[in-house]
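S.K.: Okay, handing you the structure first.
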Amino acid sequence: MAEIINLNRVRKTKAKEKKAAQADTNRVVFGRTRAEREAIRKGLEKAKDDLNGKKLEE
């Protein structure tokens with residue numbers, strides 16, 4: 370006798386696996402470590418401060 374398969378559960382499981390694979394891809398493509406984000410943020414702040422320091426008073 371054949372085993373009964375819940376097609377709804379199979380469909381949901383397949384969709385969940387597809388989303389997990391897409392998430393893994395996105396982590397590689399878009400992901401940055403905390404250290405990288407902090408370094409970028411500090412660099413932008415330093416550039417902003419340098420620019421404000423050179424600003425002429427009106």
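Each residue of the sequence shown is one higher than the one before, counting from 370 in the numbering used here.
For glycine and all other residues, C-beta sits at the position ideal for the given N, C-alpha and C.
Put I374 into one of helix, strand or coil per three-state DSSP.
M.R.: Three-state DSSP puts I374 in coil, outside helix and strand.
S.K.: Could you check the C-alpha separation between V379 and I373 for me, to the nearest Å?
M.R.: Approximately 12 Å between the Cα atoms of the pair.
S.K.: T402 by DSSP, collapsed to three states: which one?
M.R.: Of the three classes helix, strand and coil, the one that applies to T402 here is coil, per DSSP.
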